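Read top to bottom, the protein sequences are chains R and B.
Under this note's numbering, the first residue of the first sequence is numbered 1, with each subsequent residue one higher.
Under this note's numbering, the first residue of the second sequence is numbered 420, with each subsequent residue one higher.
Don't be surprised by glycine CBs; every beta carbon is placed ideally from N, CA and C.
No experiment lies behind these values; they were computed from the predicted model shown.
Only one structure is covered here, and it is reproduced in the block below.
2 protein chains.
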Amino acid sequence: MTAVWQCQGVTSPAAPAGAVRQGSLRELNLALVLGRIAAARRPPSRAALAADTGLTRATVSAVVEDLVAGRLVTEADPTPRAGAGRPARGLMLAGDGPAGLGLEINVDYLAACVVDLSGQVWHHTVHRADLRPVSPAEALGQLAELARRARVDAEAHGLTLAGAALGVPGLVDDAGRVRLAPNLGWRDVPVPELLADHPPLTERVDGVPPLVVDNEANLAALGELHAGAAPGSFLHISGEVGIGAGIVLDGALFRGTRGWSGEIGHIPVRPDGPPCRCGGRGCLELYAGQEAILSAAGLAGADLPADRASTRLTQLAVAEHPAVLRALAEAGTAIGVTVASVVNLLDLDTVVLGGGYAPLTGWLRPPVLAEIERRVLTAAWSPVTVRPATLGATAAAVGAAGSVVRRIIARPGGWLARL
Amino acid sequence: MTAVWQCQGVTSPAAPAGAVRQGSLRELNLALVLGRIAAARRPPSRAALAADTGLTRATVSAVVEDLVAGRLVTEADPTPRAGAGRPARGLMLAGDGPAGLGLEINVDYLAACVVDLSGQVWHHTVHRADLRPVSPAEALGQLAELARRARVDAEAHGLTLAGAALGVPGLVDDAGRVRLAPNLGWRDVPVPELLADHPPLTERVDGVPPLVVDNEANLAALGELHAGAAPGSFLHISGEVGIGAGIVLDGALFRGTRGWSGEIGHIPVRPDGPPCRCGGRGCLELYAGQEAILSAAGLAGADLPADRASTRLTQLAVAEHPAVLRALAEAGTAIGVTVASVVNLLDLDTVVLGGGYAPLTGWLRPPVLAEIERRVLTAAWSPVTVRPATLGATAAAVGAAGSVVRRIIARPGGWLARL
DNA sequence: CGCTATTTGTTCAGTGGTTGAATTAAATGA
DNA sequence: TCATTTAATTCAACCACTGAACAAATAGCG
């Protein structure tokens, strides 16, 4: 009888955005096959791809031929596995194809990195400095120098930069202007214009190096997504001086109506709590922001520069400094209350603690889990996993670079057409 | 210079789900054209569709021919507009094609309705009764009787029921089992099994009548989406005895990892508030649920049966009953705090107040907006709209029926193949 | 009334891309 | 050595879209 009732999935996906023209077919299958190659653990053969995707072996061969000709895919030299029959030739993302340049500006550091199609990081520079007293133009100037060096290094390795992305800790509009970055003290900073004066990033390589400016929490979440360990849907919380979050739903970053999603730092934890500089009261940032934790631990004050605070906190936690442990427990509880709201709302099964929170996960996780178990209606049936980010503290830069190459993987047709 | 910098959109959409085979092309274009016909305000011509979709007129003609042959589309008899040149023949969704059966069980009523492809409601029955003292089997029996009558009525009109969907106020798993419906007092109720004994819903019509069981808040949100007034992304809050929410993102319902998204009623408003029956503390439902509002207004007690409470509340609000107005203001503030969290997280620009909240919007909106403006970081740049649901109190039933026909519109290939 | 301009819808040869089966390639194992 | 097995390619067939030409149907105008 149960077979009669087919339940689940009333989803109403919107009709495909544009027209599906003749050539779209090839374009879609290029993306499909390339995506599977990128997602596979070991280099798959053409036959395996055919079985996997449902396409014919003939079609897969033709598609792969295009991808190889476009330098997006190469054949793995050594035959990986054996059995009986003609050995398969494994396919993998090309290491000498397009690469992405990732940049990050945060309150206490600048970062630049280069990532190739396969996700391998070829270059990574972090420049620690308190950027609050520095003007936006000056900060971007320093960043441009980092970018220039990254490019030189990339070209020395024979990589072709296909684009760049920049993460900033604030709200970015469609034009790349930073509308508000409270912890950096920026307001209405036209990043693209300011960077246009510095040659390293304005030169075109191969006709296409657009710069994308985005929220650093979004890019960090993307980095975590592509780093592989995270599932299709999760919440990534970036605990820097401010607290941001990136929301990944079904393998895609959710940006919100205007691209300003994930402002988790200003979700009210205690609606009648102390006033926040955002105008609200009792925001999460007041309980779990870096300054709040430091101050609760009795470490607020002059002798701890911003660019050292994060590491110092971890050191003290490892040393089991009592006030620090207490402060982390309180912060964890506040984070847990907020995460419980998010999980009740979105039914996510994974929460990733990133940025400055990552090394503190050992102390933050217990109170976070406790609040989730108390407050999430469905927690009894399906546990929520809370784990640290696998990427380092500068996940946003790696995520930014990854977003460039991932865009190519998601829509290889555009890249191939440019050759 | 600015042209060099192309910002926005680092989105990394997952590769297309399945293989794009030869026939997929037609299938996608069928969906595309049918979707445009459904979305159009007046019946579009083939030429207009070609211009709109980017397809050739020849292709559109061929696609439309399939749709007409499958009884999904008909030509509008009267020529709508005139100008110069051969008059266009308008295309519209067929009224005699497949229809959807929508069902709803809630705490204080049962409902059934039938909706055709164009969204027109052909049948609508509401049976008000307090269902808390009734056993699940008994309640489903009553529902089956409603469904039987709806089907008879639909067939009398020449409609073909293509499927049914049922909304319940609780958590539903993949198999259609109601894991928990706190306000109904249900736990682990195997709805499909219990309904299998009642013939009206188990008969197959045309080979395909699957029953989909879903959360009523999800279905109500879908109803609001298809009713048209709402944009692509919004939060729909259903204020029944419990408080649920449906989240629509980019025109699609977001269901969460396990389909349990939108449990907004148990988002903590005051983490240290009074205990809730869910195990948490200070949940929204304790401040803005129907019982909370009644009790705050001094109306809690015996002489107000559950199935009358909602209308009574509205009457008293219209009469400006002071305690009721005060209670609504408090509830609105609690809703506002929660909505502020959601908007900070998801960056939505529209919030729809549905269910019992809809007629109370006049009193709830001001405090909700006040909290949003205080607490949402981006409120200064982009206002959030709060408006009542356009569908009546039984939006879930209409949304359920709509979900059936919308599924056909979204994927007409499957329906056409069955003929 | 007849002619032209105009727009709609259809017909048809042409083409790109997938399909399915047959074929070739390259290894294992008895 | 040869049968077996699996991988990849080749090729005729076919499906669906394309583009242009053509037929249909109306308004405007003299």
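*Measure how close the beta-carbons of glycine 589 (chain B) and leucine 599 (chain B) come, nearest whole angstrom, since I'm counting them as under 8 angstroms.*
As a first step, residue 589 (chain B) must be located in the second sequence, where it is residue number 170. As a first step, residue 599 (chain B) must be located in the second sequence, where it is residue number 180. Confirmed, Cβ separation roughly 5 angstroms.
*What are the boundary residues of the beta strand (DSSP E) that histidine 157 (chain R) is part of?*
For the purposes of this step, residue 157 (chain R) is taken as the residue at position 157 of the first sequence. Neither: histidine 157 (chain R) is in no beta strand (DSSP E) and is coded neither H nor E.
*Using the beta-carbon of each residue, which ones in chain R are nearer than 9 angstroms to glutamate 682 (chain B)?*
Along the second sequence, read from residue 1 onward, the residue named residue 682 (chain B) stands at position 263. Here the neighbours are Val343, Asn344, Leu345, Asp347, Val376, Leu377 and Thr378.
*Below 8 angstroms on the Cβ atoms is my guess for leucine 520 (chain B) versus arginine 570 (chain B); work out the distance and round it to an integer in Å.*
Locating residue 520 (chain B) in the second sequence gives position 101, where the first residue counts as 1. Locating residue 570 (chain B) in the second sequence gives position 151, where the first residue counts as 1. Contact flag correct, Cβ pair sits at about 7 angstroms.
*In angstroms with no decimal places, state the Cα-to-Cα distance between threonine 797 (chain B) and alanine 728 (chain B).*
Walking along the second sequence from the start, residue 797 (chain B) turns up at place 378. Walking along the second sequence from the start, residue 728 (chain B) turns up at place 309. Cα to Cα, the separation comes out at about 37 angstroms.
*Under a three-way DSSP split, which group does glycine 684 (chain B) fall into?*
Within the second sequence, residue 684 (chain B) is the residue found at index 265, counting from 1. Glycine 684 (chain B) falls in the helix class under three-state DSSP.
*Return yes when the Cβ of aspartate 250 (chain R) is within less than 8 angstroms of the Cβ of serine 261 (chain R), no when it is not.*
Counting from 1 along the first sequence, the entry for residue 261 (chain R) is found at position 261. Counting from 1 along the first sequence, the entry for residue 250 (chain R) is found at position 250. Contact: no.
*Just tell me which of B:Ala518, B:Gly516, B:Asp592 and B:Ile791 has its CA closest to the CA of glycine 675 (chain B).*
Mapped onto the second sequence, residue 675 (chain B) falls at position 256. Minimum Cα-Cα distance from glycine 675 (chain B) among the listed residues B:Ala518, B:Gly516, B:Asp592 and B:Ile791 corresponds to B:Asp592.
*By Cβ distance, which residues of its chain are closer than 8 angstroms to arginine 281 (chain R), with the 5 residues on each side in sequence left out?*
Working through the first sequence from its first residue, we reach residue 281 (chain R) at position 281. Once the five neighbours on either side are set aside, the close Cβ partners of arginine 281 (chain R) are Pro268, Arg270, Pro271, Asp272, Gly273, Pro274 and Pro275.
*Going by CA-CA distance only, name the one from B:Asp527, B:Arg794 and B:Tyr776 that's closest to glutamate 285 (chain R).*
Working through the first sequence from its first residue, we reach residue 285 (chain R) at position 285. Of B:Asp527, B:Arg794 and B:Tyr776, the residue nearest in Cα terms is B:Arg794.
*Output yes or no for whether 8 angstroms exceeds the beta carbon distance between serine 45 (chain R) and glycine 90 (chain R).*
Sequence index remark: in the first sequence, residue 45 (chain R) carries index 45 (1-based). Sequence index remark: in the first sequence, residue 90 (chain R) carries index 90 (1-based). A contact, by the Cβ cut-off of 8 angstroms.
_Secondary structure, alpha helix (DSSP H): runs of 4+ residues fully inside the stretch 539 to 592 of chain B_ = 555 to 575
*What does alanine 340 (chain R) touch in chain B if you count any residue whose Cβ is under 8 angstroms from its own?*
Within the first sequence, residue 340 (chain R) is the residue found at index 340, counting from 1. Going along chain B in sequence order, the residues near alanine 340 (chain R) (Cβ under 8 angstroms) are Ile686, Pro687 and Gly699.
*Taking only the alpha-carbon atoms, compute the straight-line gap between alanine 40 (chain R) and leucine 764 (chain B) and give it to the nearest angstrom.*
Mapped onto the first sequence, residue 40 (chain R) falls at position 40. Mapped onto the second sequence, residue 764 (chain B) falls at position 345. Whole-angstrom Cα-Cα distance: 32 angstroms.
*Shorter than 8 angstroms from the beta carbon of proline 690 (chain B) to some beta carbon of chain R?*
For the purposes of this step, residue 690 (chain B) is identified with residue 271 of the second sequence, where counting begins at 1. Output row for proline 690 (chain B): interface = yes.
*Within 8 angstroms (strictly less), CB to CB, does valine 205 (chain R) reach chain B?*
Translated into the one-based positions of the first sequence, residue 205 (chain R) becomes position 205. Because the pLDDT at valine 205 (chain R) is just 43, under 50, the model does not fix this residue reliably, and the value given afterwards should be weighed accordingly. Cβ-Cβ to chain B under 8 angstroms: no for valine 205 (chain R).
_Inside the stretch 696 to 743 of chain B only - beta strand (DSSP E) runs reaching at least 3 residues_ = none
*Just confirm the distance between the C-beta atoms of valine 824 (chain B) and leucine 536 (chain B), as a whole number of angstroms; I'd bet it's less than 8 angstroms.*
On the second sequence, residue 824 (chain B) is found 405 positions in, with the first residue counted as 1. On the second sequence, residue 536 (chain B) is found 117 positions in, with the first residue counted as 1. Contact holds; Cβ gap of about 5 angstroms.
*Under 7 angstroms between beta-carbons, which chain B residues line up against serine 233 (chain R)? List them in chain order, please.*
By one-based count along the first sequence, residue 233 (chain R) stands at place 233. Per Cβ cutoff of 7 angstroms: Thr676.
*asked:* Using the three-state DSSP reduction, which class does tryptophan 260 (chain R) fall into: helix, strand or coil?
replied: Your numbering for residue 260 (chain R) matches position 260 in the first sequence. Coil, per DSSP.
*asked:* For glycine 626 (chain B), which residues in the same chain have their Cβ closer than 8 angstroms to its Cβ, ignoring the five residues on either side in sequence?
replied: Against the second sequence, residue 626 (chain B) aligns to sequence position 207. Confidence is the limiting factor: at glycine 626 (chain B) the pLDDT is only 43, short of 50, which leaves the residue's position unreliable, though a coordinate-based value still follows. Correct list, in chain order: Arg837.
*Can you list the residues of chain B that arginine 418 (chain R) reaches, using a CB-CB cut of under 9 angstroms?*
In the first sequence, counting from the first residue as 1, residue 418 (chain R) sits at position 418. Those do not exist, as arginine 418 (chain R) stays about 14 angstroms from chain B at its closest Cβ, beyond 9 angstroms.
*Express the C-alpha separation of valine 770 (chain B) and proline 807 (chain B) in angstroms, rounding to a whole number.*
Here residue 807 (chain B) refers to the residue found at position 388 of the second sequence. Here residue 770 (chain B) refers to the residue found at position 351 of the second sequence. When rounded, the distance between both Cα atoms is 8 angstroms.
*Identify, in the order they occur along the chain, each residue of the same chain with its Cβ nearer than 8 angstroms to the Cβ of leucine 30 (chain R), setting aside the five sequence neighbours on each side.*
Translated into positions along the first sequence, residue 30 (chain R) becomes position 30. Within the same chain, leucine 30 (chain R) has close Cβ partners Val63, Asp66, Leu67, Pro412, Gly413 and Leu416.
*Which runs of the alpha helix (DSSP H) spanning at least 4 residues fall entirely within the stretch 768 to 833 of chain B, listed in chain order?*
780 to 794 and 814 to 829
*Alpha carbon to alpha carbon, how far is alanine 671 (chain B) from arginine 476 (chain B)? Give it in angstroms, no decimals.*
Against the second sequence, residue 476 (chain B) aligns to sequence position 57. Against the second sequence, residue 671 (chain B) aligns to sequence position 252. For arginine 476 (chain B) and alanine 671 (chain B), the distance between alpha carbons rounds to 29 angstroms.
*Report yes or no: do the stretch 219 to 226 of chain R and the stretch 190 to 199 of chain R share at least 3 C-beta pairs separated by less than 8 angstroms?*
no
*asked:* By DSSP's criteria, glutamate 612 (chain B) is part of a beta bridge. Which residues make up the other side?
replied: On the second sequence, position 193 is the one that residue 612 (chain B) refers to. Beta-bridge pairing links glutamate 612 (chain B) to no other residue.
*In chain order, what residues of the same chain lie with their CB nearer than 6 angstroms to the CB of proline 367 (chain R), ignoring the 5 residues before and after it?*
Working through the first sequence from its first residue, we reach residue 367 (chain R) at position 367. The residues are Ala329, Gly332, Thr333 and Gly336.
_Taking the beta carbon of glycine 781 (chain B) as the centre, do at least 16 other beta carbons fall within 10 Å, making it buried, or is it exposed?_
Against the second sequence, residue 781 (chain B) aligns to sequence position 362. Its Cβ having fewer than 16 others within 10 Å, glycine 781 (chain B) is exposed.
*How about leucine 550 (chain B) and valine 526 (chain B): do their beta carbons lie closer than 8 angstroms?*
Your numbering for residue 550 (chain B) matches position 131 in the second sequence. Your numbering for residue 526 (chain B) matches position 107 in the second sequence. For leucine 550 (chain B) and valine 526 (chain B), yes; Cβs fall inside 8 angstroms.
*According to a CB-to-CB cut-off of less than 7 angstroms, which residues of the stretch 728 to 760 of chain B neighbour chain R?*
Val756, Ala759 and Ser760
*Compare the C-beta of serine 537 (chain B) against all C-beta atoms of chain R and say whether one is closer than 8 angstroms.*
To locate residue 537 (chain B), count along the second sequence from 1; it is residue 118. No, its Cβ sits nowhere closer than 8 angstroms to a Cβ of chain R.
*Would you verify that the beta carbon of serine 801 (chain B) is, or is not, closer than 8 angstroms to some beta carbon of chain R?*
Position 382 of the second sequence, counted from the first residue, corresponds to residue 801 (chain B). The beta-carbon of serine 801 (chain B) is placed less than 8 angstroms from the nearest beta-carbon of chain R.
*Which chain B residues are close to leucine 294 (chain R), counting only those with a beta carbon under 9 angstroms from its beta carbon?*
In the first sequence, counting from the first residue as 1, residue 294 (chain R) sits at position 294. Per Cβ cutoff of 9 angstroms: no residues; leucine 294 (chain R) is ~23 angstroms from chain B at best.
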